[in-house]
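J.: In this note's numbering, the protein residues as written are -8 to 290.
Glycine is no exception: its CB is placed at the ideal position from the N, C-alpha and C atoms.
Computed from a prediction, not measured in an experiment: that's the story for all the values here.
Just dropping this structure here.
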């Protein structure tokens, strides 16, 4: 993990956007830096797609500023250095995968080599296949290949691993890490919190068009002081749930799962009340719990 203080590659400052009477973005700041992955999280309707649209010049802000490489995102020179993988792709079904890659590479001065691009996106065995005949997950891999083939300096990935099996998802994660090592700036929107936890240098949580939290994965988790205790015990969830410091307790797979504000006193009492207590584990709440709590507090 490295934080760098170089000038942002892409930035929103005080960006506002309304659709009729609905406010999609309410004055947000967002900066993407080279060699860093920023994960943009938030429930549906939080404003994630609108933020991406402003940075790409697909939408105009009602107020505030959007820049891409220090210029307007509408400038062709800026857009040529950006790679994009949106949820709606609009790729012709009859085209072969290899032809699509060749055509897209031809738009760039210094594209990735065909073999490198196919390898990074996991497309080596699909180059002769027609796009329309591919599974949804295979189509997502093609879209990723098209997004990276111009050797982008900034990459926008909107829910990139939706519909991918675990192996394909991990392949995509490896490719994304390689791009970050090569100093690409990446903006990832995702519903998979473990994806943000695995990849992000920085997390920005949006809710109802506002930034409710921003920082490293560790800093976002630290917003939530909760700990999770797991153990095998003869005590019932109902008994434990009544103790002070316990948020909730349930049985899952034969183990007692307890979410607490402070673990020490609860662990001491568990050991005191159940001499046979086994397989005790205590861990910090993950990004998922932090996210739920932050968006609930904001609402």
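Which residues mark the beginning and the end of the alpha helix (DSSP H) in which residue 39 is found?
T.: Walking along the chain shown from the start, residue 39 turns up at place 48. Taken as a continuous stretch (DSSP letters only), the alpha helix (DSSP H) holding residue 39 covers 39 to 46.
J.: What does the Cβ neighbour count give for residue -8, buried or exposed, with the cut at 16 atoms within 10 Å?
T.: Here residue -8 corresponds to residue number 1 of the chain shown, with the count starting at 1. Because the pLDDT at residue -8 is just 49, under 50, the model does not fix this residue reliably, and the value given afterwards should be weighed accordingly. Under this definition residue -8 is an exposed residue.
J.: Report the three-state DSSP secondary structure of residue 284 (helix, strand or coil).
T.: Taking the chain shown and counting its residues from 1, the one referred to as residue 284 is at position 293. DSSP places residue 284 in helix when its eight states are reduced to three.
J.: Would you check if the distance between the CB atom of residue 195 and the CB atom of residue 77 is smaller than 8 Å?
T.: By one-based count along the chain shown, residue 195 stands at place 204. By one-based count along the chain shown, residue 77 stands at place 86. Not closer than 8 Å, so no.
J.: Quick one: grab the DSSP three-state call for residue 147.
T.: For the purposes of this step, residue 147 is taken as the residue at position 156 of the chain shown. Note: residue 147 maps to strand in three-state DSSP.
J.: What does a CB cutoff of less than 8 Å around residue 179 pick up in its chain, not counting 5 residues either side in sequence?
T.: Taking the chain shown and counting its residues from 1, one reaches residue 179 at position 188. Excluding residues within five positions, the ones whose Cβ falls inside 8 Å are 28, 29, 30, 31, 148, 151, 167, 186, 187, 190 and 191.
J.: Taking residue 74 as the reference, which of 257, 121, 103 and 221 has the closest Cα?
T.: Your numbering for residue 74 matches position 83 in the chain shown. Considering only alpha carbons, the answer is 103.
J.: Work out the CA separation of residue 257 and residue 45 for me, nearest whole Å.
T.: Here residue 45 refers to the residue found at position 54 of the chain shown. Here residue 257 refers to the residue found at position 266 of the chain shown. Computed Cα separation, rounded: 48 Å.
J.: Taking contact to mean at least 3 C-beta pairs separated by less than 8 Å, is the region 198 to 210 in contact with the region 218 to 235?
T.: Counting Cβ pairs under 8 Å, fewer than three are found: no touch.
J.: Could you round the C-beta distance between residue 37 and residue 6 to whole angstroms and report it? I think they count as a contact, below 8 Å.
T.: Sequence index remark: in the chain shown, residue 37 carries index 46 (1-based). Sequence index remark: in the chain shown, residue 6 carries index 15 (1-based). That belief does not hold up - the Cβ atoms of residue 37 and residue 6 are roughly 14 Å apart, past 8 Å.
J.: Excluding sequence positions up to five away, which residues of its chain have a Cβ less than 6 Å from the Cβ of residue 83?
T.: Here residue 83 is taken as the residue at index 92 of the chain shown, counted from 1. The answer is none, since no qualifying residue turns up.
J.: Under the three-state reduction of DSSP, which class applies to residue 77: helix, strand or coil?
T.: Here residue 77 is taken as the residue at index 86 of the chain shown, counted from 1. If DSSP states are grouped into helix, strand and coil, residue 77 belongs with coil.
J.: Which same chain residues, not among the five before or five after residue 301, have their C-beta less than 6 Å away from its C-beta?
T.: For residue 301 there is no data in the structure shown, the boundaries of the chain being -8 and 290.
J.: Which of the three DSSP states is assigned to residue 14 in this structure?
T.: As a position in the chain shown, residue 14 is number 23, starting the count at 1. Residue 14 falls in the strand class under three-state DSSP.
J.: Taking residue 35 as the reference, which of 15, 26 and 52 has the closest Cα?
T.: For the purposes of this step, residue 35 is identified with residue 44 of the chain shown, where counting begins at 1. Per the Cα distances, 15.
J.: Counting only the same chain and skipping the five closest in sequence on each side, list residues whose C-beta sits under 8 Å from that of residue 122.
T.: Taking the first residue of the chain shown as 1, we reach residue 122 at position 131. Result list for residue 122: 82, 83, 84, 85, 86, 87, 88, 91, 130 and 133, in chain order.
J.: Going by alpha carbons, who is nearest to residue 60 out of 40, 24, 79 and 95?
T.: Residue mapping note: residue 60 aligns to position 69 of the chain shown, counting from 1. Ranking 40, 24, 79 and 95 by Cα distance to residue 60 puts 24 first.
J.: Along the chain, which unbroken stretches of the beta strand (DSSP E) at least 3 residues long are found entirely within the region 216 to 251?
T.: Counting whole runs of 3 or more residues, the region 216 to 251 contains the beta strand (DSSP E) stretches 218 to 223, 237 to 243 and 246 to 251.
J.: Compute the distance between the beta-carbons of residue 159 and residue 128, then report whether it is under 8 Å.
T.: By one-based count along the chain shown, residue 159 stands at place 168. By one-based count along the chain shown, residue 128 stands at place 137. Yes, the pair counts as a contact, with Cβ atoms nearer than the cut-off.
J.: Would you grab the beta carbon distance between residue 212 and residue 254 for me? Rounded to a whole angstrom, and I think it's under 8 Å.
T.: If you number the chain shown from 1, residue 212 lands on position 221. If you number the chain shown from 1, residue 254 lands on position 263. Contact doesn't hold; Cβ gap of about 15 Å is too wide.
J.: Would you tell me roughly how many angstroms separate the C-alpha atoms of residue 155 and residue 267, rounded to the nearest one?
T.: As a first step, residue 155 must be located in the chain shown, where it is residue number 164. As a first step, residue 267 must be located in the chain shown, where it is residue number 276. Spanning the two alpha carbons is a distance of roughly 43 Å.
J.: Cutting at 8 Å between CB atoms, please list the residues of its own chain near residue 225, excluding the five before and the five after it.
T.: As a first step, residue 225 must be located in the chain shown, where it is residue number 234. Contacts found: 265 and 267.
J.: Going by C-alpha distance, which of 42, 98 and 287 is nearest residue 68?
T.: Counting from 1 along the chain shown, the entry for residue 68 is found at position 77. Per the Cα distances, 98.
J.: Take the Cβ of residue 162 as the centre, count every other Cβ of all protein chains shown within 10 Å, and call the residue buried at 16 or more, exposed below.
T.: Mapped onto the chain shown, residue 162 falls at position 171. Buried is the call here.
J.: By how many angstroms is the C-alpha of residue 240 removed from the C-alpha of residue 271?
T.: The residue you call residue 271 lines up with position 280 of the chain shown. The residue you call residue 240 lines up with position 249 of the chain shown. Each residue's alpha carbon lies about 15 Å from the other.
J.: What does the alpha-carbon distance come out to for the pair residue 249 and residue 184?
T.: Walking along the chain shown from the start, residue 249 turns up at place 258. Walking along the chain shown from the start, residue 184 turns up at place 193. Taking the straight line from one Cα to the other gives about 21 Å.
J.: Might you give, ordered along the chain, the residues of its own chain that have their beta carbon closer than 6 Å to the beta carbon of residue 9, omitting 5 neighbours on each side?
T.: Start at 1 with the first residue of the chain shown, and residue 9 comes out as number 18. Hits under 6 Å: 53.
J.: Kindly indicate which three-state DSSP category residue 55 falls into: helix, strand or coil?
T.: What you label residue 55 is simply residue 64 of the chain shown in a count that begins at 1. In this structure, residue 55 counts as strand in the three-state DSSP scheme.
J.: Where does the unbroken beta strand (DSSP E) through residue 196 begin, and where does it stop?
T.: Locating residue 196 in the chain shown gives position 205, where the first residue counts as 1. Its beta strand (DSSP E) spans residues 193 to 198.
J.: Does the separation of the CB atoms of residue 140 and residue 108 fall below 8 Å?
T.: Your numbering for residue 140 matches position 149 in the chain shown. Your numbering for residue 108 matches position 117 in the chain shown. Yes; because the gap between Cβ atoms is below 8 Å, this pair is in contact.
J.: What is the DSSP secondary structure of residue -8, reduced to helix, strand or coil?
T.: Start at 1 with the first residue of the chain shown, and residue -8 comes out as number 1. With a pLDDT of 49 at residue -8, under the threshold of 50, the modelled position of this residue cannot be trusted; read the value that follows with caution. Looking at residue -8 - three-state DSSP - the assignment turns out to be coil, as it is neither helix nor strand.
J.: Using CA coordinates, which residue listed in 261, 227 and 233 is at the minimum distance from residue 243?
T.: Looking up residue 243 in the chain shown gives position 252. Nearest option by C-alpha distance: 227.
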